[in-house]
């Protein structure tokens, strides 16, 4: 197996940029009081009005555009002294006078920005109204990665939400004792609630454990409680303990049947470790959806997961395969993200979705409000990206199988 992350991650030295010397003929203006200072790079510009003090430059903008470019860095100069163009300024912003007020810079939209904004709004509208195709039978998939913090739970719940918003019936099984997926989908998962623990240990049917998600019609959740932390110990002496989850899933006719009310997708959220709970998910699954963070350490985690998958295939579940790869936390401003994406696409080929999930504030904020980003901020770049990913997933061509295949989604290890 080709070793990921070690072939193309050396960078050439960045081109040297000569320091920019001040050409002021007069002393710099007296600094403004704290909280109202003029933006750096706009020498002598008046303090920003209250309407523009919240504008962030050079940071991730999660409202619509994903990532904002750097702020103008023009330097005022005397009329008889030429100023070299600032290499960090675009052609559009370079034409703005250095004396222009900040509100003029913020409110002025370039033709390109207006066109991009129009296309984004049009695309959002189309995606929100689009109905996704139903698979021939219940598609049970695994979103897993042994490395924590790569967006496994976030991917599981937001893909589930995107599929449900497309008119599909989705079941999410939370197999992580921390219950992050249950929190994000706003279902009851306090101690004493019927949960995945009862289905695995006591054999309670999933139909009695699943709860509807109020904000997303068509989506149901099998919650996880803290009781699940002791399930691995209690299952040690049970015969065929690694098949408990598969048996529970196939025992529900809404998964194994072909009626109109059957589930189209089953997503299982696993803990970020190779214990008995994760093993149950891998045995129940036929597909594995792999989220990969666009950073170097995530590639090393993928190598470990591939070894685990081969072990499971050789000994417990020969049908298991990695069918889908999704890049998460992608930062288009960095060469590292682009290099990781190239490395992943070079290894997994067309199994990598063309959509990459950006590193976005709204995606991180949504779980704290017990929501997915799809309901928390439907107009955000994160919601748009997950909706696109759900669309790609639903349009994948699946081979005909004799029984439903289960997809398990790994958790994020403490962060949703």
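Residue numbers (our numbering): -10 to 405.
Don't be surprised by glycine CBs; every beta carbon is placed ideally from N, CA and C.
Spatial neighbours of residue i in its chain, beta-carbon cut-off 7 Å, leaving aside the 5 residues before and after
| i | result |
| --- | --- |
| residue 183 | 193, 197 and 198 |
| residue 223 | 190 |
| residue 305 | 231 and 272 |
| residue 93 | Caution applies to residue 93, whose pLDDT of 40 falls short of 50 and renders its modelled position unreliable; the value that the coordinates give is listed next. So no residue of the chain qualifies. |
| residue 366 | 351 and 372 |
For residue i, three-class secondary structure by DSSP
| i | result |
| --- | --- |
| residue 208 | strand |
| residue 327 | helix |
| residue 312 | strand |
| residue 410 | Outside the shown range of the chain, which is -10 to 405, sits residue 410, and nothing can be said about it. |
| residue 120 | coil |
| residue 339 | helix |
| residue 166 | coil |
| residue 349 | coil |
| residue 200 | strand |
| residue 317 | strand |
| residue 284 | coil |
| residue 174 | coil |
| residue 380 | helix |
| residue 55 | For residue 55, the predicted structure reports a pLDDT of 44, less than 50, and the residue's modelled location is therefore unreliable. A value from the coordinates is still provided. It is a strand residue. |
| residue 213 | coil |
| residue 344 | strand |
| residue 277 | strand |
| residue 361 | coil |
| residue 372 | helix |
| residue 293 | helix |
| residue 187 | helix |
| residue 322 | coil |
| residue 356 | helix |
| residue 219 | helix |
| residue 306 | coil |
| residue 272 | helix |
| residue 193 | coil |
Proximity below 7 Å, CB of residue i to CB of residue j
| i | j | result |
| --- | --- | --- |
| residue 217 | residue 185 | yes |
| residue 170 | residue 237 | no |
| residue 352 | residue 362 | yes |
| residue 294 | residue 135 | yes |
| residue 208 | residue 153 | yes |
| residue 164 | residue 266 | yes |
| residue 301 | residue 256 | no |
| residue 308 | residue 276 | no |
| residue 345 | residue 319 | yes |
| residue 281 | residue 316 | yes |
| residue 296 | residue 264 | no |
| residue 162 | residue 211 | yes |
| residue 241 | residue 195 | yes |
| residue 234 | residue 269 | yes |
| residue 137 | residue 261 | yes |
Among the options, the one whose alpha carbon lies nearest that of residue i
| i | options | result |
| --- | --- | --- |
| residue 298 | 128, 122 and 132 | 132 |
| residue 143 | 155, 174 and 120 | 174 |
| residue 350 | 368, 244 and 281 | 368 |
| residue 328 | 147, 284, 292 and 226 | 284 |
| residue 121 | 138, 158 and 146 | 158 |
| residue 177 | 213, 333 and 261 | 213 |
| residue 172 | 281, 381 and 200 | 200 |
| residue 384 | 269, 313, 140 and 210 | 313 |
| residue 339 | 211, 381, 292 and 227 | 381 |
| residue 323 | 251, 227, 347 and 343 | 347 |
| residue 359 | 146, 260 and 244 | 146 |
| residue 292 | 259, 336, 260 and 202 | 336 |
| residue 155 | 249, 130 and 119 | 119 |
| residue 141 | 258, 130 and 356 | 258 |
| residue 130 | 356, 219, 311 and 227 | 311 |
Own chain residues within Cβ distance below 6 Å of residue i, not counting five before or after
| i | result |
| --- | --- |
| residue 128 | 254 |
| residue 371 | 349, 351, 352 and 362 |
| residue 379 | 148, 151 and 152 |
Neighbourhood of residue i by C-beta, 8 Å cutoff - its chain only, sequence neighbours within 5 removed
| i | result |
| --- | --- |
| residue 215 | 166, 168 and 180 |
| residue 247 | 126 |
| residue 139 | 280, 281, 282, 287, 290, 317, 318 and 401 |
What runs of the alpha helix (DSSP H), each 4 residues or longer, lie entirely inside the stretch 224 to 265?
-> Taking only runs of at least 4 residues, the alpha helix (DSSP H) segments lying wholly in the stretch 224 to 265 are 233 to 239 and 242 to 245.
Let me know the beta strand (DSSP E) ranges lying completely inside the stretch 124 to 163, each 3 residues or longer, listed in chain order.
-> 128 to 132 and 159 to 163
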